[in-house]
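Protein chains in written order, with the working numbering: chain D, 4 to 251; chain G, 4 to 251.
2 protein chains.
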Amino acid sequence: MSMTPSPVRIVLMATSHPGNIGAVARAMKNMGLQSLHLVQPREFPHPEAVARAAGADDILANAVVHSTMKTAIADCGLVVGTSARQRHIPFDPVEPRECARLVIDRAHEGNAVALVFGSERTGLTNTELALCNMLVTIPTSDEYSSLNIAMAVQIIAYELRLAMRNQPVLVEQVEPLATQDELELFYQHLQSLLAGTGFRDHTSNGHLMSRVRRLFNRAQVDRNEIRILRGILSALQQQRVSDRAGEV
Amino acid sequence: MSMTPSPVRIVLMATSHPGNIGAVARAMKNMGLQSLHLVQPREFPHPEAVARAAGADDILANAVVHSTMKTAIADCGLVVGTSARQRHIPFDPVEPRECARLVIDRAHEGNAVALVFGSERTGLTNTELALCNMLVTIPTSDEYSSLNIAMAVQIIAYELRLAMRNQPVLVEQVEPLATQDELELFYQHLQSLLAGTGFRDHTSNGHLMSRVRRLFNRAQVDRNEIRILRGILSALQQQRVSDRAGEV
Numbered sequence: 004m005s006m007t008p009s010p011v012r013i014v015l016m017a018t019s020h021p022g023n024i025g026a027v028a029r030a031m032k033n034m035g036l037q038s039l040h041l042v043q044p045r046e047f048p049h050p051e052a053v054a055r056a057a058g059a060d061d062i063l064a065n066a067v068v069h070s071t072m073k074t075a076i077a078d079c080g081l082v083v084g085t086s087a088r089q090r091h092i093p094f095d096p097v098e099p100r101e102c103a104r105l106v107i108d109r110a111h112e113g114n115a116v117a118l119v120f121g122s123e124r125t126g127l128t129n130t131e132l133a134l135c136n137m138l139v140t141i142p143t144s145d146e147y148s149s150l151n152i153a154m155a156v157q158i159i160a161y162e163l164r165l166a167m168r169n170q171p172v173l174v175e176q177v178e179p180l181a182t183q184d185e186l187e188l189f190y191q192h193l194q195s196l197l198a199g200t201g202f203r204d205h206t207s208n209g210h211l212m213s214r215v216r217r218l219f220n221r222a223q224v225d226r227n228e229i230r231i232l233r234g235i236l237s238a239l240q241q242q243r244v245s246d247r248a249g250e251v
Numbered sequence: 004m005s006m007t008p009s010p011v012r013i014v015l016m017a018t019s020h021p022g023n024i025g026a027v028a029r030a031m032k033n034m035g036l037q038s039l040h041l042v043q044p045r046e047f048p049h050p051e052a053v054a055r056a057a058g059a060d061d062i063l064a065n066a067v068v069h070s071t072m073k074t075a076i077a078d079c080g081l082v083v084g085t086s087a088r089q090r091h092i093p094f095d096p097v098e099p100r101e102c103a104r105l106v107i108d109r110a111h112e113g114n115a116v117a118l119v120f121g122s123e124r125t126g127l128t129n130t131e132l133a134l135c136n137m138l139v140t141i142p143t144s145d146e147y148s149s150l151n152i153a154m155a156v157q158i159i160a161y162e163l164r165l166a167m168r169n170q171p172v173l174v175e176q177v178e179p180l181a182t183q184d185e186l187e188l189f190y191q192h193l194q195s196l197l198a199g200t201g202f203r204d205h206t207s208n209g210h211l212m213s214r215v216r217r218l219f220n221r222a223q224v225d226r227n228e229i230r231i232l233r234g235i236l237s238a239l240q241q242q243r244v245s246d247r248a249g250e251v
């Protein structure tokens, strides 16, 4: 099963550092995106791009280089620009999560979709922003909002993947959980062992066993673990018996 | 208004490439995280770390270097390991979104929280995984699941930021979690008590204590509960002593 949304492309505008192009390719491939379009990259192809792409060099090899943004988005039904906050921008940006839902909906409806990232230093220019249907802004700290371009692609691609994903019907082979009966026997075992010691309950409300039950309920103990716990209690109990036998 | 969850730290295990440490620092600062802990980094400090950190060199300057994971998480109530899919792991991983909600909840309750990332080539080792209360796995493409470490930190930090923002202002008074140090003392107590009984370990691989640790790690025991558990062990221990005294 491929989860690849073939009609969703990443468009990088005037990227300065070839290493960033490679890191973008890797981020895309990690999230199942394949289509990379480069508009006037300063240096491409470049060995640093290949190095940072790690295993995603197929995405670099298939990257399409354009001389203008217009040709890179010509066949797209939806063009989403990425933008930092606080800029003079033509419309209110959406956040990545909402953006991803819209992008995947449009892609499923058969539209080619472009997500456009500006150059490292300037971001998208006003001319480029004007070619977008929608803007997305990644929420960041007020003190330091300048995301690396590959990081920005990674976050958007991650949200796209979540939006694309169907609920998998994955079934694993796991140890069954202890039944409530088995847990009950464990609690009784522990309680009887404690009763024999004259243990004083120092909890604020005197409900030690209810605290213990809450702990193990939360842990969702499996059958193997309950056997281990019972084994520990039995060992302590037999120890006591044999210590006592020593008294006689 | 600062949205910084100061008690949430990023812990990097045995990082090979100093550039990745710098990229992690930048990813953290973008999302308002501040506390970086490095366990046996191969090269640190390093100019490449500073270069990739861009404006986040304060995070590098304040990074704490450790020789073991244990000291890096000693005071933490919650330790979250990051893991790729398909590995033999002690418990079911959660996804970043759910993880972030839990982490921010625990942090708001006053617990120090560590998010631990393994080395670039190997990820977290089984020994390191065994020290975690919880695992998080970033969903990726089946074809190419190997995320760059700084990218993984970026996605988790992004989800933490969203979770922080959505956190209701109302904070309930809850018992803090037991720290890893307190848990360690409990395990030692239990082990010494068992050693005195001549208890035989009947687990399939003879690793009873590691199963016990896994159970309690998963349960995320609070400070009150650890007191109860220690009290139970002390009662059993004193019982034994007094039984023995009876022998004389």
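In this text, a Cβ means the ideal position worked out from N, Cα and C, and glycines have one as well.
Just so it is clear, the structure is predicted and the values come from calculations on it, not from any experiment.
Residues of chain G whose Cβ lies closer than 9 Å to the Cβ of Asn33(D) are, in chain order, Ile141, Thr143, Ser144, Tyr147, Ser148, Ser149, Leu150, Asn151, Met154. Residues of chain D with a Cβ closer than 9 Å to the Cβ of Glu228(G) are, in chain order, Arg214, Val215, Arg217, Leu218.
Beta-bridge pairing by DSSP links His69(G) to Val42(G).
Proximity of Arg233(D) to chain G, defined by a Cβ-Cβ separation below 8 Å, is not satisfied.
Taking a C-beta distance under 8 Å as the contact criterion, His40(G) and Ala59(G) do not qualify as a contact pair. Measuring C-alpha to C-alpha distances from Asn227(D) to each of Asn227(G), Gly249(G), Arg217(G), Arg226(G) identifies Arg217(G) as the nearest. Tyr190(D) does not reach chain G, its nearest Cβ partner there being about 12 Å away, counting only Cβ pairs nearer than 8 Å. Beta bridge pairing from DSSP links Asp246(D) with no other residue.
For Met34(G), no alpha helix (DSSP H) segment is defined, and its DSSP state is neither H nor E. For Leu132(D), the enclosing alpha helix (DSSP H) covers residues 129-132. Cβ proximity to chain G below 7 Å picks out nothing from the segment 39-53 of chain D. Within the segment 192-212 of chain G, the residues whose Cβ lies closer than 9 Å to any Cβ of chain D are, in chain order, Leu193, Leu196, Leu197, Gly199, Thr200, Gly201, Phe202, Arg203, Asp204, His205, Thr206, Ser207, Leu211.
Using a CB distance cut-off of 8 Å, Asp246(D) counts as an interface residue toward chain G.
When Cβ pairs closer than 8 Å are counted between the two stretches, the segment 96-106 of chain G is seen to touch the segment 130-145 of chain G, the count reaching three or more.
The C-beta of Arg104(D) comes no closer than 8 Å to any C-beta of chain G. Two segments are said to touch when three or more pairs of C-beta atoms, one from each, lie closer than 8 Å; by this definition the segment 25-35 of chain D does not touch the segment 179-187 of chain D.
A contact between stretches requires three or more CB pairs, one per stretch, nearer than 8 Å, and the segment 116-125 of chain D meets this requirement with the segment 63-82 of chain D. Within a 10 Å sphere around the beta-carbon of Glu98(D) sit fewer than 16 other beta-carbons, which makes this residue exposed.
In terms of Cα proximity to Phe219(G), the closest of Thr71(D), Val83(D), Thr125(D), Leu232(D) is Leu232(D). Rounded to the nearest whole angstrom, the C-alpha separation of Pro179(D) and Glu131(G) is 26 Å. For Gln157(G), the C-beta contacts it makes with chain D under 7 Å involve Met154, Gln157, Ile158, in order along the chain.
Linking Arg45(D) to Asp95(D) through their CA atoms gives a straight-line distance of about 31 Å. When the alpha-carbon of Gln37(G) is set against those of Ala56(G), Gln242(G), Tyr147(G), the nearest one is in Ala56(G). At least one CB atom of chain D sits nearer than 8 Å to the CB of Val224(G). For Phe219(D), the enclosing alpha helix (DSSP H) begins and ends at 211-222.
Apart from the 5 residues on each side of it in sequence, Ala110(G) sits with its Cβ closer than 6 Å to the Cβ of Pro8, Pro10, Val11, Val116 in its chain, given in chain order. One alpha carbon belongs to Val68(G), the other to His49(G), and they sit about 13 Å apart. Straight through space, the alpha carbons of Asn114(D) and Cys135(G) are spaced by roughly 44 Å.
The Cβ-Cβ distance between His205(D) and Gly209(G) does not fall below 8 Å. Going by DSSP, Leu118(G) is part of the beta strand (DSSP E) stretching over 116-120. For Gly113(G), no Cβ of chain D is located within less than 8 Å of the residue's own Cβ. Rounded to whole angstroms, the gap between the alpha carbons of Ile159(G) and Ala153(G) is 10 Å. Contact residues of the segment 53-76 of chain G toward chain D are Arg55, Ala57, Gly58, Ala59 (C-beta to C-beta distance below 9 Å). In this structure, DSSP gives Gly199(D) a state outside helix and strand, which the three-state scheme calls coil. Listed along chain D, no residue sits closer than 8 Å to Ala181(G) by beta-carbon distance, the nearest being about 11 Å off.
With respect to chain G, the C-beta atom of Arg221(D) has a partner C-beta closer than 8 Å.
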